[in-house]
Structures are given as structure tokens and as C-alpha cells.
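The sequence shown runs -8 to 916 under this note's numbering.
Even glycine gets a Cβ: it sits at the ideal position worked out from N, Cα and C.
Small disclaimer: the values here were computed from a predicted structure and weren't measured.
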Amino acid sequence: MAIWDDSRDLEGVRLKFLSGEPLECAVRSVVLSSWQRCQHRGILADRVSIPYFMDVDRDEAFAHTARPALEQLQSRFSGMDIVIALCNSRAQVLERWVGVPSLSRQLESLRLDPGFGWLEGAVGTNGIGTALADRRPAFIRGSEHFADVNRYFACAAVPVRDPLSGRIRGVINVSSLRDLGDPKMLSMARDTAATVERLLLDEVEDHEKSLLRLFLQAQRATGRTSAPASFSAGDLIGTAGEPLRPADLEVLRHKAAELISAGRVAIVDVHLPNGRRAALWSRTMEGGLGPPGMIVEALRGDGALQPLEPAGRPRTDASPGPPTSPNGSSVRIASPSRPHPEENVAVDRWLVAVGEPGIGRLAVRARQRLELLCKAAECVGTTLDVTRTAQELADVAVPAFADYAAVDLAASVLTGDEPVSPCQDMRRVALGAIRPGSHLYPAGSGIQFDRATPQRLCLTSGQSVLEAALETAHGWKAHDPARAERIREAGIHSLIVVPLRARGVVLGVVSFYRADLPGAFEEDDLSLAEELASRAAVCVDNARRYTREHSTALALQRSLLPHTLPEQNAVEVACDYLPAQSAVGGDWFDVIPLSGARVALVVGDVVGHGLQASATMGRLRTAVRNFSDLDLPAEDVLARLDDLVVRLDLDPETEAADPAEIVGASCLYAVYDPTSRHCTLARAGHPAPAVVFPDGAVDYLEVPAGPPLGLGGLPFETLDIQLPEGSQLILYTDGLIEHRNRDIGTGLDRMRRLLRTTHGPPGETCRALVDALVPAQRSDDVALLVARTRSLDDRHIARWELPDDPAAVSHLRQEVARQLSAWQLGELAFTTELIVSELATNAIRYAAQPSELRLIFDRALICEVSDCSSTSPRLRRAATTDEGGRGLFLVAQLAQRWGTRYTVSGKVIWVEESLPATTLPARPQ
């Protein structure tokens, strides 16, 4: 349980709530709900007083039953400034215990004396009242209390329920000063409440109480004593000298209930698990009002439970006389027909059960079934994972209902699809067992059930199948007779098979087996199994539908990410994308080749999860590629992305999809030029990139932090840096360095230390980061891009300054031809001369000087002409009567692609030509 420990901040939040202001900080949902109920009732926090009641419902029987457990709790808090209170179902204090004889003055002022009432509707949020209002344990500390007078204390309260009816009988509360409050108080109160509920379960109706009293009188009259009706596993010792386990005691209680229900008078041997044995002695009691009752005791001789060999009658010690019932009649306890133990053997008797035949067992079993259903509602379906949900069903059923439980689903259910034919391609998804060695098919096995098996009948008919006695049944053996024989030898003797059906579709079956639990499955067990399966089937189907939606969103997400990285020589790249396990997010990465052998590296993160985030990510990634194709500077790319996100947020279609969801994103955009080893970076609300220099030094680049995309109207700044060849740039999203158990600062420090020890290629760096930083349970998706820089040296680059003379173009063509010959690109000489002639002539005639021609031999032959003019040429189709306007059209026809990019001093007109098929592309250093 997360407890907010900053009392000053919490007090400020409480005051804001009382004044009607919006809450900026999180408050526990149980506390906020209670505050809202109190506000709705019109309770004034500064005018609350604790009411006192003269006519308190004392509930003496409940208080008497709970007193031993509460006194034990008091002993655990001995010497501590603690108040323990027992309240009735109306939140009125019945009794009070303290940890020290003299409480502190402040704690003494807490009105926990008998008679004071703590209903939430009267005094606001508090441990007792909130526990009753929510019908569950509550821990309220400090300013989580609604009333001013209670904010100096901490209270842990747990409701106590009647084990048979389920209604709340009262509340156990532990209070202390605020600074001493600890969630462990709630844990200890839970244990005490569970003890009280066990004591209440051991109580019987008025007639059974009189029977128990008469029984004890008879014991005293004969000089014998019996142990209390409540004992623990350690109180009884097995034949091997080992304490009996809780499972052994359950067997004894179950057999005692059978004896009482059947009205049998006997000494019976009870076979316990692992071959051990015990003895139960059941007798009738007559006397008093009402029908005869039954007494069942466990017999222990010489400190060990053991079967009793007859040797004579029980001792008849002298006694004052026969006991009498309250109405004056004598009490007679019948002796069993089987003789008693030998006289020289000291036999201790432990009272196991007292009751009327046929009543106690049914009431207890009904309550146990209800508890099992409540536990199933709480424990099954905690996640949206099909396999986990199936295992939760098996874990709930074992050992409370069955010794083994197997869940078999159609294989298509695991992938999110509805089963076409549930009888084909079945998978054992989960198996619950009290111990190994059942010889049932293990989880993960593929199973094809035979037509005669109960599972196949259940799948085809959609009806449950009960095989009470597997010894006499034959259909279940048809599938695998040898395995069936081993299963029978393992002790499995009874079976129930129930379909898992949701929304009219059978998804699979669940099989319940009994081995150690006494008694075969009955019709009422079948009803319980069907109810369990019905609830679990809805959870499994919800998980299946979620799996389908998650798979669809993940497929969309992956389709919008790069399938293969483009070929380029600027950087060596490795990347990875890991989706969140709960929902697909909007993280993305991209590698975009640019003009002039440059490359753009992009990593982004869209706010939120699900299909909407994936779709938004796809739109932003497409926009980034389009803006990059325009050769925009890094800061302009982010500015246009920002405008796009603002428009998406105002789009009526986006608002109709989810009006409460705001579109937002972060992005890091970097451009690297291998000809100059120059890198320009800009970011919008994104974590700063890391760089690993060739000497092993690691640093986070101080890229100016721009606002997240979607705020609008704010400029972005860039960082220009010269990177040595062989440097590694690491671009990532926040899912790599931050999760629920680690903050960003810790994640950045861990990544820095890891990068210092990783000196391999980008692929190795990428794997090392993912393995070390990404948790197994991911709440956010992760995008990672690692790029190692390369450079193009002067052997692949040629430059010429353009004189301010058109006649110099002829000489320039000759220089270009010689350079192409040196690069063994003679096949491109003719077209390149035409392109150079057109671009150079236009620069000399129309552009401002100085201007330059540059050839780059990369994966394509790149021809660039730069000048100091900001005017860009425009491609048009010249008319037949026009004297000019055909040169740029000719260039466009000869080139693979062409374009214009702007620089600080002017512009660059660039043209790319494809290399001949026989020419290998240039390899960078």
C-alpha cells in the first residue's frame, strides 16, 4: 500500500479540496472517494465533534468472542502509545485497550472510549467509518482524515464478518499518533479480524451452545477434561511425531461434519495424507431442550494421534453425580459400541465439533462455497493475459475445491481469435496441482481429445460432465489408456469437466480432479464448478479480445515503422523497438537519406497508448520525411511538426475519437554530414542524446531543450557540433531510461556507465542497452537508434570555384571530365557535362558570387552548385516560341533526382545521377 508521507503537502491538498479547487497532486482513490461522500453529506471539516451514545448496542456475544484475540493484539502492542478499539456494526465503540497504562495527552484526546460513534456520515473520513462504508480494511493517516480534529492521528480498521451470514458484526481499530502510523498496523488488525472470524465460525447456535455446556459438565463429572474447541495445527501430533498440517485438520473437520450430519456414534479411523491415520470419537448428547446433538473429539494417546485398539470400557471415576441440563433433567452421553482405549494409556481428547445432525455441515459448506466464489471474483482476471487468467482460475480452485485443475483452450484463443472448431488444436494453458506426479498433461501441451472423453463431450455439447467415480467410468480412459492408468494410481478418483463459454462461444474446458480430498464430486459441486467457469470464461474472453486488439495495434505500429533501413554511407546504424506489454504506444525512429550524402536521424514519442497514438505516430513520421525531403533546417522541421500537432489537436475528427485525449509528442531531429563531420541537432521535449567518442568518453549533448510538440508559437534552437569519425550517437525515448521503479536520473547514470564499457559496433551497443535497461514488465514502449559516424575524404570529393565569366564553363567541363575519368565514371561524362554546364551558367549569370561547384562520389554521383543568392529555380515546360527555359527541364530528365536546399549564406542546387551498374559505390572510411 502506497502511503503519502508528506503531511504538509497532503494538508494543502485537503484544504484545496475543501475549498473546491482542482487537485494538482494524486490522492489515494479510497480517500478521495470518502472525501467526496463527506462533502456530499454536507459535513463541515472544522465543525466536527465525535457523538456519544448512551444506548449503545453492546452485542455482548460478539465482544465476548473477540476479547481473547484483542487481548492478544494488545500484548503485541505492549509498551507502545497505541489504542485498540472494538466497535459494533454501527461504528460505536464497545471496548477499548491501550498499549501503555498512561497514554500521551494527545492520543488520550482521541474519542475511542466506549459509547462514542465514528460513522463516516457523522464525523467524516476515519478508519472505522470508512472501513464500514467501503466494507473493506482502511488505513487513514494524518490529513487523509476529513475532519480537522482527527488529522493528528493514524487509524487502521478492519471489518469483522460473520462467517456464516457474511454480514459485518463489527470493526477492529488500531490508532496511534500520525507520526507513529505504519501500514503494519493494518496487517496486524487483519490478522486479528481473521482470528475473530474463526472464533465466530466455531460458535454454534443456542441449542449447540447448551449441548457444549452439558458436554463439559459431563466431562467434569467423570473427572476427564477436553481441550478447547479451537486448536491449531501445532496442537496435534501425528504418528511420526510431526505436527499435523492444516490439510490434516481440514480432513478431520470434514470427517467430523460427516459424522454429525449422519448422526453416527462410533470411533472411526481417519486416513490422513501421506499414509498417516487418526481417530475421531463421535457421541450423541441428550438432555435439555431440542433434539439430540453430536459431540466429536479427536483422541490422542501418549502425545500422538493413533488408531485405538479396543481393550475395555472407559474408566468410571467417582463423580459428584450426573450433570443436569438447565431445565433440571439429567444429561446422558451415549457410549459408542466400539470399546475404548486401554486403561493404562493416557488419552487426551480434543473437541473438534459440536452440532446438530445435518445442519452444521451444510451451513459451513455453503459459506465455503460463497467464499470461494468471492475469491474467484477477486483473483481471476487481474490481468488481460489469457494464459495468466487461466492459471489464476486453476490456482483458485486448488486446493479449496479440487486437488488438480486443468484449463484447456483452443489455440486460436491464445492469438486473440474465436475458435472455429473448439475440438481441434487444443492447448493445455494452465495446470494447478497440490503436488507433482499427477501424470496429467503438463501446461503447454497440445491435446486432441478422443470422442469418448468427457472433455470432448463437453466441447461438442457445451454441457458440463460429472464423473463422480473414475474407477467405474470408461470414457476418460479412451484418449490415452496408459496415462489414465497412471493417473488412477496417483489417487485421482473423481472428475468434473465444465465448458468455458462466453458470449455464446465455447473457448475451451476446465477439468477439476479430486485425489486427496475426501468424497467424490456431487451435483452441488457441479453447480459450483459451473459458476467458477462461467466467471472465469468472461475474464478469458476479455483477455482474448484484448489480445486481438493489442495485436492489431502492434501490427499497425510495426507497419508504420521502417521495415528496413535505407542504404547510405553517412552512418552505420542499429535500431530496436520494443512495445509496451499493456498497450502499444507511439514511439518511432527513422533514418532519412538527404541531399549531399547527408542523413537525418529521428526519434519521437507520441503521448498516450493505443491505436490513436499509433495512428498519430504514423502521421508525424510521414510529415517528418516530407519536411526532410524539402531540405529544411532541423529547427524548421520541428517548427512545422509543432504546427501539425496543433492542427491535429484541433481536428474535429480527432476530438470525436476521444475528446479528453490531447495530442502531443516529443521529437529529436539530427542531421549529419559525412563530408564535413558536422552534426546539427534540435529537440522538442525529448531526452538529450548520448554520444560515445572514439576514445571511450561518454557525454550527453546539451541540445537546447525546446517545448514538446503541440504547444505552438515557440521557436526551436539547434546545437552544431563536429563529431570525430567513429563517434556513436545514441537516440532513444524515455521508456529506455525511466519506468515505475527507476527515475530518469538513475536511468541516465546507468546508461552512461554501460556505454563506457561497451566498445563494439552499433548493433552490440543496441543489444547491451536493451538487455541492461529495459525491464521485463514494460509499461512504456521503447525506441532506440544507435549511429556510428563515417566520413568521406577528399578522394571522393572535388571542388571548383566558379569565376564570374561564362566563358569559363568550357574549361570547367573539361575538369569535370578528367575527375570522372579518375573515378572510373567515364560513362557519366556526357550527361554530367550537360548538367554542370547548365547549373554553372545559371549561377554565373543570375546568382550572387562567390559560387562553387562540388562533385561527390558516393552511392550516387552528386553534383552541387552553391551561391549566395536565395532565389530558387523553378521547373517549367517551355513553349515552342520561348528562347529559354529548357535547361532545368533537361537537367531534370537526365538526373535521378534534384532539388534546392538553403544555407546560411545562400542556397545549393544539387543533382544526383545513378551510378552505372558495373561501378561499385564509394566506400567511406
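- If you check the CB distance, P680 and L720 come in under 7 Å.
- Its Cα nearest to that of A759, the residue T748 stands out among R769, Y43 and T748.
- Proximity to G510 across R142, A248 and S66 peaks at A248, based on C-alpha coordinates.
- Taken in chain order, the complete alpha helix (DSSP H) segments of 4 residues or longer contained in the segment 28 to 104 are 51 to 67 and 96 to 99.
- Here the alpha carbon of G751 sits roughly 58 Å from the alpha carbon of E476.
- The beta carbon of E829 is closer than 6 Å to those of G878 and V882 in its chain, skipping five residues each way along the sequence.
- Per the Cβ contact rule, the segment 34 to 49 is not in contact with the segment 176 to 194 (fewer than 3 Cβ pairs under 8 Å).
- By the C-beta criterion, the segment 524 to 539 is judged to be in contact with the segment 357 to 376, since at least 3 inter-stretch pairs fall below 8 Å.
- The DSSP-derived three-state label of H554 is coil.
- Looking at the backbone, the Cα of A778 and that of G717 are separated by about 9 Å.
- The shortest C-alpha to C-alpha distance from V22 to any of L700, F137, A148 and V91 is the one to F137.
- Counting along the chain, Q810 sits inside the alpha helix (DSSP H) bounded by residues A799 to A813.
- In this structure, A385 lies near A396, with their beta-carbon atoms less than 7 Å apart.
- Residue state for G655 is assigned as coil, using DSSP reduced to three classes.
- The straight-line gap separating the alpha-carbon atoms of P699 and A886 is approximately 39 Å.
- Counting only runs of 3 or more residues that sit fully inside the segment 150 to 181, the beta strand (DSSP E) segments are 159 to 168, in chain order.
- Boundaries for T666: no beta strand (DSSP E) harbours it, and the DSSP string shows neither H nor E there.
- Taking a contact as a CB-CB distance under 8 Å, the pair L775 and C566 counts as one, their CB atoms being some 6 Å apart.
- One alpha carbon belongs to P427, the other to P433, and they sit about 10 Å apart.
- Pairwise C-beta distances place the segment 107 to 122 in contact with the segment 79 to 95, as three or more of them are shorter than 8 Å.
- Measuring C-alpha to C-alpha distances from S502 to each of S542, G423, A464 and D532 identifies G423 as the nearest.
- Comparing alpha carbon positions, the residue from Q884, D376 and V902 closest to V856 is V902.
- Secondary structure note for L830: it is in no beta strand (DSSP E), and the uninterrupted alpha helix (DSSP H) holding it is A820 to Y837.
- Boundaries of the alpha helix (DSSP H) harbouring C449: P445 to S452, taken from the DSSP string.
- Taking the C-beta atoms as reference points, V287 is found no nearer than 7 Å to L263.
- A straight-line Cα-Cα distance of about 41 Å links T709 and F821.
- Excluding its 5 nearest sequence neighbours in each direction, A57 has C-beta neighbours in its own chain below 8 Å: L77, V151, G161, I163, V187 and L190, listed in chain order.
- Shown here for A673: same chain residues with a beta carbon closer than 6 Å to its own, the five before and five after excluded, namely A625, E626, L629, Y660, F707 and T709 in chain order.
- The beta-carbon separation of S605 and A675, rounded to 20 Å, does not stay under the 8 Å limit for a contact.
- In the three-state reduction of the DSSP assignment, W467 falls in the helix class.
- The segment 489 to 504 makes contact with the segment 452 to 461: 3 or more CB pairs, one atom from each, lie closer than 8 Å.
- Counting only runs of 4+ residues, the alpha helix (DSSP H) found wholly inside the segment 102 to 153 occupies 111 to 114 and 118 to 125, in chain order.
- Here DSSP, grouped into helix, strand and coil, assigns G372 to coil.
- Put simply, of S860, R419, Q572 and I425 the residue whose alpha carbon is nearest the alpha carbon of F440 is R419.
- Note on geometry: alpha-carbon atoms of T121 and R127 lie some 8 Å from one another.
- The criterion of a C-beta distance shorter than 7 Å is satisfied by P678 and D725.
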